[in-house]
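Participant:
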Amino acid sequence: MTTTRKILIAEAVLVLGIVVYMYFSMAPEAISPISGQSIFEPDFVLEIGNGEEVLVSRTPDFSNPIILKEGSEVDLPVGTYYWKVRNWLREGEINTFVIESNVGLNLREGSEQDLLENSGTVDVKVNEKKSGTITGVGVGESIEVEKGGEFEGKQDEN
Amino acid sequence: MKTNKMSVNDFRNKVNSKKSFNKPLLGTEFNRTFFRLTILSVVFIILALAQINQLSSIGITPGRTTVDFSPGLSQDIQFSIVNTEHKDMNVVLFVRGDFNESILLEKAFVSLSASENSKELSYRFTLPNRIDKPGKYVSEIVAMEVPADSEEKGAFVGATVAVASQLYIYVAYPDKYIEGEVNIVLDDSGKVVFFVPIVNRGDLDIVNARAIIDVYTPLNEKVATIETAPEPLASLQRVELAAEWQPNVNPGRYLAVVTVLYDNEALELHKEFSIGESLVDIEEVYVKDFQLGEIAKFNALINNKWSSEIKDAFLNILVYNDEGQIMADFKSPTYDLAPLSKSEMVSYWDTAGVHRGEYDGKLILRYGEKSTDKNIHLKVSDSEIEISGLTGKVSVRSSGGKSDVSSLLVIGIIVLVVVNIIWFVVVKKLMKRKK
Chain R
2 MTTTRKILIA EAVLVLGIVV YMYFSMAPEA ISPISGQSIF EPDFVLEIGN GEEVLVSRTP
62 DFSNPIILKE GSEVDLPVGT YYWKVRNWLR EGEINTFVIE SNVGLNLREG SEQDLLENSG
122 TVDVKVNEKK SGTITGVGVG ESIEVEKGGE FEGKQDEN
Chain S
9 MKTNKMSVND FRNKVNSKKS FNKPLLGTEF NRTFFRLTIL SVVFIILALA QINQLSSIGI
69 TPGRTTVDFS PGLSQDIQFS IVNTEHKDMN VVLFVRGDFN ESILLEKAFV SLSASENSKE
129 LSYRFTLPNR IDKPGKYVSE IVAMEVPADS EEKGAFVGAT VAVASQLYIY VAYPDKYIEG
189 EVNIVLDDSG KVVFFVPIVN RGDLDIVNAR AIIDVYTPLN EKVATIETAP EPLASLQRVE
249 LAAEWQPNVN PGRYLAVVTV LYDNEALELH KEFSIGESLV DIEEVYVKDF QLGEIAKFNA
309 LINNKWSSEI KDAFLNILVY NDEGQIMADF KSPTYDLAPL SKSEMVSYWD TAGVHRGEYD
369 GKLILRYGEK STDKNIHLKV SDSEIEISGL TGKVSVRSSG GKSDVSSLLV IGIIVLVVVN
429 IIWFVVVKKL MKRKK
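Chains as they are written, first to last, in our numbering: chain R, 2 to 159; chain S, 9 to 443.
#1: Taking K144 of chain S as the reference, which of S:P155, S:M152, S:D76 has the closest Cα?
#2: Under 8 angstroms between C-beta atoms, does G365 of chain S make it to chain R?
#3: Does the beta carbon of I139 of chain S sit closer than 8 angstroms to a beta carbon anywhere in chain R?
#4: DSSP puts T136 of chain R in a beta bridge; with which residues?
#5: Report the option in S:L135, S:L113, S:E93 whose CA atom is closest to the CA atom of E128 of chain S.
#6: Can you tell me where the alpha helix (DSSP H) holding A11 of chain R begins and where it ends?
#7: Any beta carbon from chain R within less than 8 angstroms of K443 of chain S's own beta carbon?
#8: Label Y270 of chain S either buried or exposed according to how many other C-beta atoms from any shown protein chain fall within 10 Å of its C-beta, with 16 as the threshold for buried.
#9: Leaving out five residues before and five after F102 of chain S in sequence, what residues of the same chain have Cβ atoms less than 6 angstroms from its Cβ?
#10: Going along the chain, which unbroken runs of the beta strand (DSSP E) with 3 or more residues stay wholly within the stretch 213 to 250 of chain S?
#11: What does DSSP give as the partner residue(s) for G205 of chain S in the beta ladder?
#12: Can you find the residues in the same chain that come closer than 6 angstroms, C-beta to C-beta, to L323 of chain S, ignoring five residues on each side of it along the sequence?
#13: Secondary structure at V427 of chain S, three-state DSSP: helix, strand or coil?
#14: At a Cβ threshold of 8 angstroms, is R59 of chain R touching chain S?
#15: With which residues is D320 of chain S paired in a DSSP beta bridge?
#16: Could you tell me the distance, in whole angstroms, from the CA atom of V362 of chain S to the CA atom of D330 of chain S?
#17: How many angstroms separate the CA atom of I177 of chain S from the CA atom of Q245 of chain S?
#18: Quick check on DSSP: helix, strand or coil for R441 of chain S?
#19: My output table needs one value for L416 of chain S: the three-state DSSP class, helix, strand or coil.
#20: Could you check if D390 of chain S is buried or exposed, using at least 16 other CB atoms within 10 Å of its CB as the buried criterion?
#21: Could you tell me the distance, in whole angstroms, from the CA atom of Y328 of chain S to the CA atom of E110 of chain R?
#22: Quick one: grab the DSSP three-state call for K305 of chain S.
#23: So if I threshold CB-CB distances at 7 angstroms, which residues from the stretch 71 to 89 of chain S count as touching chain R?
#24: Would you kindly check if the distance between the Cβ of E317 of chain S and the Cβ of A346 of chain S is under 8 angstroms?
#25: Return the residues of the stretch 319 to 346 of chain S that lie within a Cβ-Cβ distance of less than 8 angstroms from chain R, sorted by chain order.
#26: Which class does V435 of chain S belong to by DSSP, given the choice of helix, strand or coil?
#27: Could you tell me whether any Cβ in chain R is nearer than 8 angstroms to the Cβ of Q299 of chain S?
#28: Please confirm if the stretch 16 to 23 of chain R is in contact with the stretch 70 to 84 of chain R, defined as three or more CB-CB distances below 8 angstroms between the two stretches.
#29: Does the contact criterion of 3 or more C-beta pairs under 8 angstroms hold for the stretch 203 to 218 of chain S versus the stretch 179 to 195 of chain S?
#30: Quick check on the DSSP output: the beta strand (DSSP E) that includes G105 of chain R runs from which residue to which?
#31: Look up R72 of chain S in the DSSP assignment and give the residues it is bridged to.
#32: Can you grab the Cα-Cα spacing for the pair G301 of chain S / N51 of chain R, in whole Å?
#33: Compute the Euclidean distance between the alpha carbons of G105 of chain R and I422 of chain S, then round it to the nearest angstrom.
#34: Counting only Cβ-Cβ distances shorter than 7 angstroms, please list the residues of the stretch 65 to 88 of chain R near chain S, keeping chain order.
#35: Could you check if G72 of chain R is buried or exposed, using at least 16 other CB atoms within 10 Å of its CB as the buried criterion?
#36: Starting from the Cα of W357 of chain S, find the closest Cα among S:F338, S:V433, S:K370, S:A251 and give me that residue.
Below you can see the structure in the form of structure tokens.
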């Protein structure tokens, strides 16, 4: 009986140790972007460890959260975001990142027409100076344009 | 090797001095002429490449800075030129707009090296002591990429790209006045989150501001009404109203009509958005049975999630060279995509002259006035083209972690529990029976 009790106590200690180890080792990690990082590119990755879901919110109290899973893709407008990782056991620390407004244009030369890409983080209005044509180009979008044109982009109003 | 040092003019003279190319060319004479023509072609190609303008790309951040008018306010504003393509670049800066004479740029010309992601600059603006007319005053700091030798030459011709960082100066309205915008984000659960940032541009505080969001189908049927919580808004302050909606509607385009109600006044805003995944998606692109130098057949699997047929859709594939120029631009024939089904589109790329290596590119699926893009990366080898897609959005990636160890531990605990149960229930019963 004493041996059984000893075995049971040893098992209980082992299980408790495993649970404690798991609680700390399974802490969800927000790896990248580091807290407070400014982001200028339209594509970026929220890199996580030990997590199942990412919660992103505009407020530190996580009201109206956007819930993302591994492999998710989402369009986020410019601004400051609070984010944390969670798994079945617990939630990680709250981190922040800032998507800065970046007006970016890439002009790629083609054989018949050129390709103008919005490489920034905001929708832009592009003014072709010679013709005076104004075209809206969304984030990550591209338009075909006449060769040799002069283009100027500025942040769209909304 | 005398011929290697030969100038272009030397070559021209020598080629022109040949009286006739119709003569049969045999033996060493043939080899010499062939060699000369080859060298001549190479020189012409090099000259032609030199004439091609470099990729033009530039970014500026922030895109906009907003300042509330204060008499005589003088302030430094930081901004950065972003070297999007990580290349050597020269940038000319200038100012225009309502307060262009009151804005002093730190520099009017900057150079960035390929290793610089961005270059931080600043400008100082000084406001007058009084502006009578309320409203928005716009100035712009324009950054234009110019060719490398433009500083010496002074002028240049050709395609140019410029970007502007705007400075908005707001002079408060003599009452309550709201400006706002609508941002809509869809998450994994299908939930739609409406963000309505509003700013009180008036002199008076607003006691209560809230937004009512009506969602309409393209046929103008209202499918939902959502309301945000009310918020007070002091003069010149900003607040973000937010509301969630769990939609139970078909995938498609919808219109959000947002009415911001503030102390018996209203502001109406509109924003279109899509519910569900994109209506037409490029799911997979692959090349089979490829040999470098021959024609590559690109098969693309297109999923039409729309409940109606899409006519005259075609795939346009662009491949960029190391300098970001389009080195290949090929299109598929047009296809009619059956509703709620997957179709295969085929396009061909003649890889004659293409070298082994890695190339960036873009897949553009065009249908009607719309298009959907996907950045791609091509790894071209002698017998294979490997295509990998890049995201165009914020995405989530897991970096492993310790889940394997944890899984083993969980399994260990379960085994331990099972062993205990067997020990207590089965073995003890057996022992009792023996006794």
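Idealized CB from N, CA, C, for every residue including glycine.
Facilitator: On the basis of the data shown:
#1: Within the second sequence, residue 144 of chain S is the residue found at index 136, counting from 1. It is S:D76.
#2: The residue labelled residue 365 of chain S in the question sits at position 357 within the second sequence. Interface criterion not met: the Cβ of G365 of chain S is under 8 angstroms from no Cβ in chain R.
#3: Here the question's residue 139 of chain S lines up with position 131 in the second sequence. So, not an interface residue.
#4: In the first sequence, residue 136 of chain R corresponds to position 135, counting from 1. BP columns for T136 of chain R point to R:V127.
#5: As a working mapping, residue 128 of chain S is identified with position 120 in the second sequence. Among S:L135, S:L113, S:E93, the Cα nearest to that of E128 of chain S is on S:L113.
#6: Locating residue 11 of chain R in the first sequence gives position 10, where the first residue counts as 1. Segment 3 to 26, the alpha helix (DSSP H) holding A11 of chain R.
#7: Position 435 of the second sequence holds residue 443 of chain S. Chain R contact via Cβ: absent.
#8: In the second sequence, counting from the first residue as 1, residue 270 of chain S sits at position 262. Under this definition Y270 of chain S is a buried residue.
#9: Locating residue 102 of chain S in the second sequence gives position 94, where the first residue counts as 1. So the list reads V150, once near-sequence residues are dropped.
#10: Here the runs fully enclosed are 214 to 224, 230 to 235, 239 to 241.
#11: The sequence position of residue 205 of chain S within the second sequence is 197, counting from 1. First, the residue type needs correcting, since residue 205 of chain S is Pro and not Gly in the sequence shown. P205 of chain S is bridged by DSSP to S:E248.
#12: Your numbering for residue 323 of chain S matches position 315 in the second sequence. Spatial neighbours of L323 of chain S in its own chain (CB-CB distance under 6 angstroms, excluding positions within 5 residues in sequence) are listed in chain order as A308, S340, M353, S355, L373.
#13: In the second sequence, residue 427 of chain S corresponds to position 419, counting from 1. Of the three classes helix, strand and coil, the one that applies to V427 of chain S here is helix, per DSSP.
#14: As a position in the first sequence, residue 59 of chain R is number 58, starting the count at 1. It does; some Cβ of chain S falls within 8 angstroms.
#15: Translated into positions along the second sequence, residue 320 of chain S becomes position 312. Paired residue(s): none; D320 of chain S is not in a bridge.
#16: For the purposes of this step, residue 362 of chain S is taken as residue 354 along the second sequence, with counting starting at 1. For the purposes of this step, residue 330 of chain S is taken as residue 322 along the second sequence, with counting starting at 1. Roughly 12 angstroms separates the two Cα atoms.
#17: The count along the second sequence starts at 1 and reaches residue 177 of chain S at position 169. The count along the second sequence starts at 1 and reaches residue 245 of chain S at position 237. Those two C-alpha atoms are separated by around 14 angstroms.
#18: Taking the second sequence and counting its residues from 1, one reaches residue 441 of chain S at position 433. Helix, per DSSP.
#19: Along the second sequence, one-based indexing puts residue 416 of chain S at 408. In the structure shown, L416 of chain S sits in a helix (DSSP, three-state: H, G or I).
#20: Walking along the second sequence from the start, residue 390 of chain S turns up at place 382. Around the CB of D390 of chain S, fewer than 16 other CB atoms lie within 10 Å, so the residue is classed as exposed.
#21: Stepping through the second sequence from its first residue, residue 328 of chain S is reached at position 320. Stepping through the first sequence from its first residue, residue 110 of chain R is reached at position 109. Approximately 9 angstroms between the Cα atoms of the pair.
#22: Along the second sequence, read from residue 1 onward, the residue named residue 305 of chain S stands at position 297. Here K305 of chain S sits in strand by DSSP.
#23: Listed by position along the chain: G71, R72.
#24: Taking the second sequence and counting its residues from 1, the one referred to as residue 346 of chain S is at position 338. Taking the second sequence and counting its residues from 1, the one referred to as residue 317 of chain S is at position 309. Result yes, Cβ atoms of A346 of chain S and E317 of chain S sit closer than 8 angstroms.
#25: Result list: L326, Y328, G332, Q333, I334, D337.
#26: Residue 435 of chain S sits at position 427 when you count from the first residue of the second sequence. Looking at V435 of chain S - three-state DSSP - the assignment turns out to be helix.
#27: Position 291 of the second sequence, counted from the first residue, corresponds to residue 299 of chain S. Cβ-Cβ to chain R under 8 angstroms: no for Q299 of chain S.
#28: Not touching, per the Cβ criterion.
#29: The answer is yes - the stretch 179 to 195 of chain S touches the stretch 203 to 218 of chain S, with three or more Cβ pairs under 8 angstroms.
#30: Start at 1 with the first residue of the first sequence, and residue 105 of chain R comes out as number 104. G105 of chain R -> beta strand (DSSP E) spans 104 to 109.
#31: Within the second sequence, residue 72 of chain S is the residue found at index 64, counting from 1. R72 of chain S has S:Q174 as its beta-bridge partners, per DSSP.
#32: Residue numbering aside, residue 301 of chain S sits at position 293 when the second sequence is read from its first letter. Residue numbering aside, residue 51 of chain R sits at position 50 when the first sequence is read from its first letter. Distance between the alpha carbons of G301 of chain S and N51 of chain R is about 46 angstroms.
#33: Stepping through the first sequence from its first residue, residue 105 of chain R is reached at position 104. Stepping through the second sequence from its first residue, residue 422 of chain S is reached at position 414. Each residue's Cα considered, the two are about 55 angstroms apart.
#34: Within the stretch 65 to 88 of chain R, the qualifying residues are N65, I67, I68, L69, K70, E71, G72, S73, E74, V75, D76, L77, P78.
#35: Taking the first residue of the first sequence as 1, we reach residue 72 of chain R at position 71. When all chains shown are included, G72 of chain R counts as exposed.
#36: As a first step, residue 357 of chain S is located in the second sequence; it is residue number 349 there, counting from the start. Relative to W357 of chain S, the option among S:F338, S:V433, S:K370, S:A251 whose CA is nearest is S:F338.
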